[in-house]
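Everything below concerns the one structure shown next.
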Amino acid sequence: MDYELLGKQLRELLSGERNHLANAANFAAFMYQQIPDVSWAGFYYADGGGELVLGPFQGRPACTRLPKGRGVCGAAFTRGETLVVDDVNAFPDHIICDAAARSELVVPLPPNAPYGVFDIDSARLARFDAEARDGIERLVNTFIHSVAPPPWQA
Ligand code: SME
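Be aware that the sequence shown starts at -18, since it is given in my numbering, and climbs by one per residue.
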């Protein structure tokens, strides 16, 4: 996978626009279309309480609210670091939103003190290897730098 080329295309797509919602919507569509074997790609945002709330995404309809302290998204958010799960059925706390998902990668936005997460799922076991993790983290980083934090953030 040529993540360098994807990075160039992404910068083209997001440049000239700073609106968080618009760039998040295009970023989810870009990731879903351009990265092979992806069943779901999208955002969850902290709501100021104990939950993460669904944001722009591509794929099947998903859970609207996830507890911050649970699931793969909650763990990545709480720790402020990327989580890769090769087999979601072996992750004790996984929250099933889409029964087709087998592996998952969640990147906090931004790392350390996140306001949300970007979640990407695959129907293939162990879809997200070290190369994918590094490439996707770099693309998420490009997204983060293309927008201000979401305006609805407390
Ligand atoms: N599996 C995630 C929930 C979100 S969906 O997969 C879209 C989790 O365990 O946090």
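Beta carbons: idealized from backbone N, C-alpha and C, even for Gly.
Note that the coordinates shown come from a computational prediction; the quantities given were computed from them, not determined experimentally.
Neighbourhood of residue i by C-beta, 6 Å cutoff - its chain only, sequence neighbours within 5 removed
i      : result
Ala57  : Leu64, Val87, Pro89, Val98
Arg108 : Asp18, Ser84
Ala104 : Ser20, Ala81, Arg83
Pick from the options that is closest to residue i, judged by C-alpha positions
i        : options                          : result
Gly29    : Phe38, Glu(-2), Arg46, Gln39     : Arg46
Val128   : Leu(-5), Gly50, Ser20, Gly116    : Leu(-5)
Asp(-17) : Tyr13, Ala113, Trp21             : Ala113
His126   : Ala111, Leu(-13), Asn4, Glu(-15) : Asn4
Glu118   : Asn0, Ile101, Pro132, Pro130     : Ile101
Arg51    : Glu(-15), Asp115, Leu33          : Leu33
Cβ shell of residue i (< 8 Å), same chain only, five flanking positions each side left out
i       : result
Leu(-9) : Phe8, Phe11, Leu120, Thr123, Phe124
Leu106  : Asp67, Asp68, Arg83, Ser84
Ala6    : Pro37
Residue(s) in a DSSP beta bridge with residue i
i     : result
Arg46 : Val34
Gln39 : Ala22
Own chain residues within Cβ distance below 7 Å of residue i, not counting five before or after
i     : result
Pro92 : Gly61, Glu62
Residue range of the alpha helix (DSSP H) that includes residue i
i       : result
Gly112  : Residue identity check: residue 112 is Glu in the sequence provided, not Gly. Start and end: 111 to 127.
Glu(-7) : -16 to -5
Extent of the continuous beta strand (DSSP E) run through residue i
i     : result
Tyr25 : 21 to 27
Phe99 : 97 to 103
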